[in-house]
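J.: Here it is: the structure, laid out below.
In the numbering used here, the protein residues as written are 12 to 86.
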C-alpha cells in the first residue's frame with residue numbers, strides 16, 4: 012500500500028498546474044458523503060434490540076418476522 016501511495020505521489024508531483032487542478036476536481040467528485048435515510052439513534056435502538064435478542068433468544072422482537080432481512084440491511 013505504501014509503495015502504491017509513493018508511486019502515485021511521484022506521478023502527481025510531476026503534473027502540470029492545469030493537470031493538477033483537473034485531477035483535484037476529479038478526486039473531489041469521488042468523495043461521497045451519503046447520509047443514511049434512517050437517523051442514527053434509530054439504528055442504535057435496532058442494534059441494541061438485536062443484541063438483546065441474541066443474548067436472550069426466548070424473547071420476541073416487534074419486528075421478529077423481518078429479523079433476517081433487517082440483519083442483511085444493517086450489516
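Just so you know, even glycine gets a beta-carbon here, dropped at the ideal spot from N, CA and C.
Could you give the C-beta distance for residue 34 and residue 41, rounded to a whole number, given that I count them as a contact under 8 Å?
T.: The residue labelled residue 34 in the question sits at position 23 within the chain shown. The residue labelled residue 41 in the question sits at position 30 within the chain shown. Going by Cβ atoms, the distance from residue 34 to residue 41 rounds to 11 Å, so no, they are not a contact pair.
J.: Tell me the DSSP secondary structure of residue 69 in three-state form.
T.: As a first step, residue 69 is located in the chain shown; it is residue number 58 there, counting from the start. Correct three-state label for residue 69: coil.
J.: If you follow the alpha helix (DSSP H) that residue 38 is in, where does it begin and where does it stop?
T.: Numbered from its first residue, the chain shown carries residue 38 at position 27. Residue 38 -> alpha helix (DSSP H) spans 28 to 41.
J.: If you draw a straight line from the alpha carbon of residue 55 to that of residue 43, how long is it in whole angstroms?
T.: For the purposes of this step, residue 55 is identified with residue 44 of the chain shown, where counting begins at 1. For the purposes of this step, residue 43 is identified with residue 32 of the chain shown, where counting begins at 1. If I take the Cα positions, the gap works out to 23 Å.
J.: Report the rounded CA-to-CA distance for residue 32 versus residue 14, giving the unit in angstroms.
T.: Within the chain shown, numbered from 1, the residue matching residue 32 stands at position 21. Within the chain shown, numbered from 1, the residue matching residue 14 stands at position 3. Using only the alpha carbons, I get a separation of about 24 Å.
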